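This report concerns only the one structure given below.
As structure tokens, this is what we get:
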């Protein structure tokens, strides 16, 4: 079966750094995605990791350890607009089907 | 706008009625996906197409659900005899089919909200 775990909620302060963790157990692995989703809107692509290590893209970084079934999304210099749900998704099987976690609702406070 | 386009964005229907959603993927993306999302949950895979071929269907896709992509471009998702449990956001996504990493990026549309009353 497929199991993806991430915290339900997190709160952080504007300007700070936050790390959102994701652990997974899946049959098959073709990479791990992070998406941002604001309420009522579509998921927006943030990052993709298929090899172990850190991928940096501006204020966002994502890390993957395939042997540990673990990833994290790091958000730096938090802004109020970063308040959203962050979805971890594992790509499995042919056709790049995504299996999503339930999402981590991040609240950025002043 | 060259993103994934879905319509209608919102649909309210009575239980037992049929509804159809349309998705126009990003031009030249030959893979197209349908997902369903309910409040507080991540999207759940329903089905996907490569060109006009429907290659995989989830067990979630009961016989009341049917999806087509007749010419390998736009796709439709029809739900027959809707039930209140069908109320959700139906998301369409597309991706190119290449061997490089960019080929694995999957882009979502803004979704079609269905409310069954």
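Residue numbers (the numbering used here), protein chains in the order written: chain A, -10 to 99; chain B, 7 to 123.
No residue lacks a Cβ here, since even glycine has one placed at the ideal position from N, Cα and C.
As the structure is a prediction and not an experimental result, all values here were calculated from the model.
- Using a Cβ distance threshold of 9 Å, residue 113(B) and residue 9(B) count as a contacting pair.
- Rounded to whole angstroms, the separation of the alpha carbons of residue 36(B) and residue 101(B) is 7 Å.
- Residues of the stretch 24 to 54 of chain B that bring their beta carbon within less than 9 Å of a beta carbon in chain A comprise 37, 39, 41, 43, 46, 47, 48, 49, 50, 51, 54, in sequence order.
- Residues of chain A with a Cβ closer than 7 Å to the Cβ of residue 111(B) are, in chain order, 34, 37.
- The Cβ-Cβ distance between residue 12(A) and residue 98(A) does not fall below 9 Å.
- Scanning its chain for C-beta atoms nearer than 6 Å, with the 5 sequence neighbours on each side dropped, one finds around residue 17(B) the residues 25, 120, in chain order.
- Contact between residue -9(A) and residue 93(A) does not hold, since the beta-carbon distance rounds to 18 Å and is not under 8 Å.
- Taking the Cα positions, residue 71(A) is about 11 Å away from residue 6(A).
- If you check each beta-carbon in the stretch 69 to 89 of chain A against every beta-carbon of chain B, the ones closer than 9 Å belong to 74, 76, 77, 78, 80, 82, 83, 84, 85, 86, 87, 88, 89.
- Annotation: Cβ neighbours of residue 114(B) in chain A (cutoff 7 Å, chain order): 31, 32.
- Against chain B, the beta carbon of residue 42(A) has no neighbour under 9 Å; the closest one sits roughly 13 Å away.
- If you look at residue 15(A), you'll find it isn't in any beta strand (DSSP E); DSSP assigns it neither H nor E.
- For residue 6(A), no CB of chain B lies under 9 Å from its own CB, so it is not counted at the interface with that chain.
- When Cβ-Cβ separations below 9 Å define contact, residue 91(B) makes no contact with chain A.
- The beta carbons of residue 73(B) and residue 53(B) sit about 5 Å from each other, so the pair counts as a contact at 8 Å.
- Within chain B, no C-beta atom comes less than 8 Å from the C-beta of residue 58(A); the nearest is roughly 17 Å away.
- At a beta-carbon threshold of 7 Å, the residues of chain A lying near residue 97(B) are 31, ordered along the chain.
- Within chain A, no residue has its CB atom less than 8 Å from the CB of residue 79(B), the nearest being about 18 Å off.
- Residue 9(A) has its alpha-carbon roughly 14 Å from the corresponding atom of residue 43(A).
- By the beta-carbon neighbour count (other beta carbons within 10 angstroms, threshold 16), residue 16(A) is exposed.
- In the DSSP assignment, residue 86(A) forms a beta bridge with 81(A).
- Cβ neighbours of residue 22(A) within its own chain (closer than 6 Å, five residues either side excluded): 37, 78.
- DSSP, reduced to helix, strand and coil, places residue 71(A) within a helical segment of the structure shown.
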